[in-house]
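Numbering (the working numbering), first residue to last: 3 to 305.
Idealized CB from N, CA, C, for every residue including glycine.
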């Protein structure tokens, strides 16, 4: 049992409780308030400190990069449509442990497919502190990862396979949705069952990589009538599509803001973030992207 005393506690909804205490027992927060006491608790003096909930990296390849092998275990390039894939089976606990995220306050990651498939698979959330896999897995089927970035056409266009172009990407996306919905329920494939569960039953949110204005606008237009919760991943050019993002009330997961080349290439305008906050937009940071690095430690980015 721990009693954190006199810290400035950030609740997670924007509220900050100054000079506040937190009482924990095991995995449970038992109480939050001022003047708490517990004779059996180990006291941690947090006077003058900022106390935050654990940070979550919502879309990450860490844990599925196949270190020390050559191939990412979250990069199923045999078909651009693989929504049935479960990232839980790609997570390597030793690879996650090596990064020591928990020392930087990152307590969980969302292991996700790369941006190379149009529909890549289902995100799995796991804790970063060293534990047995059964204990550290927070949630399977946490979201469906999709991508309309150039990575898709680069992956399949080299083999003269659809999609080779941006129009091919969006056509295949729309056609895949149509085919899944028109198939008789008892005859649907595993892919189609996942697709209809996500888009018609809202069984899990959508995480779709879209970096440029063209990609963001195209995706929001394609999904304008869909009710599923949409989160844009690696949305470097979000500021150029601010109106559409506000209207659709989609979430934003920024690409790696430490990657200055991407910021310069896409003209990323971080000054517009406040507009999203005021709009109530769900806003997150992603500290790692598929940049070819096999060992992408967070140390320089968060410590």
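- In this structure, the alpha-carbon of residue 84 lies about 49 Å from that of residue 44.
- For a cut-off of 8 Å, the C-beta gap from residue 119 to residue 82 is around 5 Å, short enough to register as a contact.
- Contact check between the stretch 189-197 and the stretch 214-233: fewer than three CB pairs, one atom from each, fall below 8 Å, which does not count as touching.
- Counting only unbroken stretches of 3 or more residues, the beta strand (DSSP E) elements lying wholly within the stretch 213-296 are 232-235, 253-256, 285-287, in sequence order.
- Residue ranges of uninterrupted beta strand (DSSP E) with 3 or more members, entirely inside the stretch 129-164 and ordered along the chain, are 139-149.
- Around residue 226, the same chain offers no residue with a beta carbon nearer than 7 Å, after the five sequence neighbours per side are excluded.
- In this chain, residue 88 is not harboured by any alpha helix (DSSP H), its DSSP state being neither H nor E.
- The three-state reading of DSSP puts residue 106 in helix, counting H, G and I together.
- Comparing alpha carbon positions, the residue from 16, 5, 9, 74 closest to residue 280 is 16.
- Short of 6 Å from the beta carbon of residue 159, and not among the five residues preceding or following it, lie these beta carbons of its own chain, in chain order: 166.
- Residue 14 is bridged by DSSP to nothing; it lacks a bridge partner.
- With a cut-off of 8 Å on Cβ pairs, the stretch 196-207 is not in contact with the stretch 19-35, counting fewer than three such pairs.
- Residue 171: member of the alpha helix (DSSP H) spanning 168-184, first to last residue.
- For residue 60, the uninterrupted beta strand (DSSP E) segment begins and ends at 57-62.
- Judged by DSSP secondary structure, residue 47 falls within the beta strand (DSSP E) whose first and last residues are 44-47.
- Membership of residue 30 in any alpha helix (DSSP H) is not indicated; the residue belongs instead to the beta strand (DSSP E) covering 30-35.
- For the options 214, 12, 236, the alpha carbon positioned closest to that of residue 258 is the one of 236.
- Listed as beta-bridge partners of residue 124 by DSSP are 88, 146.
- Around the beta carbon of residue 51, a 10 Å sphere encloses fewer than 16 other beta carbons of the protein chains shown; the residue is thus reported as exposed.
- Put simply, the backbone Cα of residue 131 is about 44 Å away from that of residue 186.
- Membership of residue 209 in the beta strand (DSSP E) is indicated by the continuous run 208-211.
- The Cβ atoms of residue 210 and residue 232 sit closer than 9 Å to each other.
- For residue 198, the enclosing alpha helix (DSSP H) begins and ends at 192-201.
- The C-beta distance from residue 57 to residue 108 rounds to 5 Å, short enough to fall under 8 Å.
- Rounded to whole angstroms, residue 143 and residue 172 show a C-alpha spacing of 24 Å.
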